[in-house]
Each structure stands twice: as C-alpha cells, then as structure tokens.
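K.L.:
The listed protein sequences correspond, in order, to chains A and B.
Take the first sequence: its position 190, counted from the start at 1, is 177 in the working numbering, and no numbers get skipped.
Just add 257 to the spot in the second sequence (first one is 1) and you have the working numbering.
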Amino acid sequence: MLDWSALVHRHLASVRVDARRRREIGAELAAHLEDAYDSALRSGSTEAEAIACAMARVPDWSALAVAVKRSTDEDAIMTRQALTVLLPGTTILLAAATGMSLVVYSTPADRWVDPRWYVHALAAGMALLFYLVLGAIGAAWSRHVGGSPGERLAAGAFPLVLHVAMAGPAVGADMLYAFSRGAVGRHLHINFINMVVVMLVAPGAALLLGVLPFARRSARLDAQ
Amino acid sequence: MATMNPSIKRGSAELAVLAVLEQQPLHGYEIARRIEQESDGALRFTLASLYPLLYRMEKRGWTKATWETTPAGVRRRCYGLTAKGVRQLGATRREWDAFFHALSRIGGLRRA
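1. I believe Gly337/B touches Leu278/B by the beta-carbon criterion, under 8 angstroms. Please report the beta-carbon distance rounded to the nearest angstrom.
2. What is the DSSP secondary structure of Trp319/B, reduced to helix, strand or coil?
3. Please name the residue in Arg44/A, Phe201/A, Phe117/A, Pro46/A whose C-alpha comes closest to that of Glu138/A.
4. Can you grab the Cα-Cα spacing for the pair Val185/A / Leu73/A, in whole Å?
5. Let me see if you follow: with CB-CB separation under 8 angstroms, is Ala305/B close to chain A or not?
6. Distance cutoff 8 angstroms, beta carbons only. Does Arg291/B sit that close to anything in chain D?
7. Is it buried or exposed for Leu307/B, if we count other Cβ within 10 angstroms and need 16 for buried?
8. To which residues does DSSP link Thr326/B through a beta bridge?
9. List the residues of chain B whose Cβ lies closer than 7 angstroms to the Cβ of Ala50/A, in chain order.
10. Does Leu272/B come out as helix, strand or coil in the three-state DSSP assignment?
11. Quick one, are the C-beta atoms of Arg313/B and Ser26/A less than 8 angstroms apart?
12. Does DSSP put Ser278/B in a helix, in a strand, or in coil?
13. Tell me whether Leu338/B sits in a helix, a strand or coil according to DSSP, three-state version.
14. Of the residues Thr71/A, Ala14/A, Gly191/A, which one's Cα is nearest the Cα of Thr326/B?
15. Is Leu74/A helix, strand or coil by DSSP?
16. Do Val148/A and Met226/A come within 8 angstroms of each other at the CB atom, strictly closer than that value?
17. Using only alpha-carbon positions, find the residue among Pro95/A, Ala141/A, Leu116/A that is nearest to Trp128/A.
18. Could you name the residues of chain A that Tyr308/B contacts, counting a contact when the two beta carbons are closer than 9 angstroms?
19. I'd like to know if Arg351/B contacts chain A, where contact means its C-beta is closer than 8 angstroms to some C-beta of that chain.
20. Compile a chain-ordered list of the residues in the stretch 114 to 144 of chain A whose CB is closer than 7 angstroms to at least one CB of chain B.
21. Report the start-end ranges of each alpha helix (DSSP H) in the stretch 285 to 318 of chain B that is 4 residues or longer and not cut off at the edges.
22. Specify the secondary structure class of Leu283/B as computed by DSSP and reduced to three states.
23. Does chain B have any CB closer than 8 angstroms to the CB of Ala82/A?
24. Tell me whether Tyr92/A is buried or exposed, calling it buried when 16 or more other Cβ atoms sit within 10 Å of its Cβ.
25. Rounding to the nearest angstrom, what Cα-Cα distance links Ala17/A and Glu315/B in this structure?
So this is what it looks like as structure tokens:
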C-alpha cells in the first residue's frame, strides 16, 4: 500500500502555510485518498486498480497545491508577509522612531555622528540595548505568528528602514557637498564613516543580536 | 460540472456540500461520496475542488471542523454545519430556486 501521507506531503511541499496547518491539511487529504483506496478494495478492485482509483481524485497535484494555497490566502485579512514581517516590523519601527526622538531630544543628532563630540557611553549603551530588545521583540513576534527564520530576521531588522531613510539623504547631501567643492577628503571621510557606523552598523548589529535567539527554528512551536 | 462557468460551479458546489452536511456531520471523503451518489454521478469532486471549498466555508463560519477518531483508530476531520451555515444554505437554496425558475421560464426547462 502507498504511504498516502508521504505522497501528499511531498506534493504539497510548495504550499506556504504554518507547520501545524500543513500537517492538518496533509493528514486530511491523505485520509481521503486512503478512504478511496479502501473503498475500491472493498468493492473488489485489485490493489493496482484501487491505487489508480484513489489517484484519480487528484488528476493534477500542482492544481491542488495552488487551490489549497489560494483557499488559505484569499479570505485572510492580512497576507502572510503582512502578518509575519510588516506588522511586527512596523510596530518596532515606530518604537524605534519614538526612542530616537527621545535620544535626539536629549543628545542632539550632530553629537552622535560627529566624532569631535563626546557621547556618554551610558547613553550609547542604552540606545544599543533598546535596539537589541526591539530586534528580539520583532523576531519573537514574527516567530509567534508562524514566521520563517527569514521573516523573523526581516521583522527584527525592520527599524533599519528608518535609519536608511534618515541616513541616506544625509550621506547623499554630504557627498554632493564634498564633490561640489572638489574635496573628497577629510570632510566626506569623517562624516560618511561616522554616519554609516552610527546610523546603520551599530543599530543593525544591535538588532541582529536581538534577533539571533529567535532566528532558529523552534521545535516546540513547529510541533504545535 | 467541468464546462460550467466558475462562479456557477462554485455556487453549485457550495450548495451541494451544505446540503449533504445538513443531514449530519461528515468527513471529506464521505461528503464527496454522498454528493456523487445522490447526484447519480453527475457531481464529482476532485481533492482540488473539494478541500479548498471546505476550507473557505470553514473560514466563513458556515462549517465547523473537528478531528474525530473512528473505532478503528483512524483520525478523520469531520465538518458540521453551524447556525450561520444553516442560514447560508437557506439563502443559497432560495437563490438557486430563483435562478432555475428564471431559466425554466426563459428556456422552457422542466424542473424535477
């Protein structure tokens, strides 16, 4: 007798639903095929005929996979990516924006990106810790709603969008300023490096550190 | 059903599934078998046409599915009509009744 469960799972591997739902769908469809096979056997079919009878219920496996995926997607209020990436990501991005506003209020932005100014280590440490926590929250949230490791990473690192949006124009303007004066030297070098480190590398590293504990697959959650 | 317009096809499939579930909760294979049997083989479901439909109906709250274990120890997901599903069945029946009534007047169809 065919392993109906393995057959169904192999053909529905491309359907992107959470692990528990995939198992349920697989078990249900395998049970249907097994019932069709048993019924054919009871009515006097040979094993080969019974298998053919069951397989006739799925003339096109790819059509089945597409239909199942559509049925799981079409009535959802949010797409999978919206649920696992955009919702947690945007939430922590807003938290990051609020945090940054407070940081800039207490320590003006130029003091963070200009190495001539001294930023207190405690303030820098608190900012990095805040981002580490935000990264962890984004990734944990994404994992909780069934996000894949890639989606958890994207959700946790989402506040970088804000940093790119802020640092990009500033770096661009700085480069234009430097080029317009034919000085691709000290002015560009200092601000560009500091801007990249302070606005992208440091927060990015903190976010990734927060994401890491939640990035790997969870056997417990996948088993639910 | 293979040559019918998809929306008519879907609507008729919903009516067929809701109608067989009105009698008692059933699992997927039994739903397909009953429909095929009661329509004298005119209505046949493949897995690709039946299960996405069942999942949509469940999401819309027309049916409620529960896992049950048969005396032989086999697990089956059984679908039963909810109160919303019963109302939907009534509405669908009225729509199809009006549809066939209109067709019969236009096309001179005979109703069973």
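Even for Gly, the Cβ is constructed at its ideal location relative to N, Cα and C.
P.N.:
Here's the rundown:
1. Walking along the second sequence from the start, residue 337/B turns up at place 80. Walking along the second sequence from the start, residue 278/B turns up at place 21. That pair is a contact at about 7 angstroms.
2. Here residue 319/B refers to the residue found at position 62 of the second sequence. Note: Trp319/B maps to coil in three-state DSSP.
3. For the purposes of this step, residue 138/A is taken as the residue at position 151 of the first sequence. Of Arg44/A, Phe201/A, Phe117/A, Pro46/A, the residue nearest in Cα terms is Phe201/A.
4. Along the first sequence, one-based indexing puts residue 185/A at 198. Along the first sequence, one-based indexing puts residue 73/A at 86. Approximately 25 angstroms between the Cα atoms of the pair.
5. Along the second sequence, read from residue 1 onward, the residue named residue 305/B stands at position 48. At least one chain A Cβ lies under 8 angstroms of Ala305/B.
6. Note that chain D does not occur in the displayed structure, where the protein chains are A and B.
7. Position 50 of the second sequence, counted from the start, is the residue given in the question as residue 307/B. Leu307/B should be labelled buried.
8. Position 69 of the second sequence holds residue 326/B. For Thr326/B, which the question treats as bridged, DSSP gives the partners Arg332/B.
9. Walking along the first sequence from the start, residue 50/A turns up at place 63. Chain B residues near Ala50/A: Ala305.
10. Walking along the second sequence from the start, residue 272/B turns up at place 15. Helix at Leu272/B.
11. Residue mapping note: residue 313/B aligns to position 56 of the second sequence, counting from 1. Residue mapping note: residue 26/A aligns to position 39 of the first sequence, counting from 1. Contact flag unset, no.
12. Position 21 of the second sequence, counting from 1, holds the residue named residue 278/B. Position check: residue 278/B holds Leu in this sequence, whereas Ser was assumed. Correct three-state label for Leu278/B: helix.
13. Translated into positions along the second sequence, residue 338/B becomes position 81. Reduced to three states, the DSSP call for Leu338/B is strand.
14. Looking up residue 326/B in the second sequence gives position 69. With distances taken between Cα atoms, Thr326/B lies closest to Ala14/A.
15. Taking the first sequence and counting its residues from 1, one reaches residue 74/A at position 87. Looking at Leu74/A - three-state DSSP - the assignment turns out to be helix.
16. For chain A, the structure presents residues -12 to 211; residue 226/A sits outside this window and is missing.
17. Numbered from its first residue, the first sequence carries residue 128/A at position 141. That would be Ala141/A, whose Cα lies nearest to the Cα of Trp128/A.
18. As a working mapping, residue 308/B is identified with position 51 in the second sequence. Chain A residues near Tyr308/B: Ile12, Glu15, Leu16, His19, Leu51, Ala54, Val55, Ser58.
19. The count along the second sequence starts at 1 and reaches residue 351/B at position 94. Taking Cβ atoms only, chain A never reaches closer than 8 angstroms to Arg351/B, which makes this a no.
20. none
21. 285 to 295, 304 to 316
22. Within the second sequence, residue 283/B is the residue found at index 26, counting from 1. In the three-state reduction of the DSSP assignment, Leu283/B falls in the strand class.
23. On the first sequence, position 95 is the one that residue 82/A refers to. No, because no Cβ of chain B sits closer than 8 angstroms to the Cβ of Ala82/A.
24. The count along the first sequence starts at 1 and reaches residue 92/A at position 105. Answer is exposed; the Cβ neighbour count stays below 16.
25. Taking the first sequence and counting its residues from 1, one reaches residue 17/A at position 30. Taking the second sequence and counting its residues from 1, one reaches residue 315/B at position 58. Rounded to whole angstroms, Ala17/A to Glu315/B spans 19 angstroms at the Cα level.
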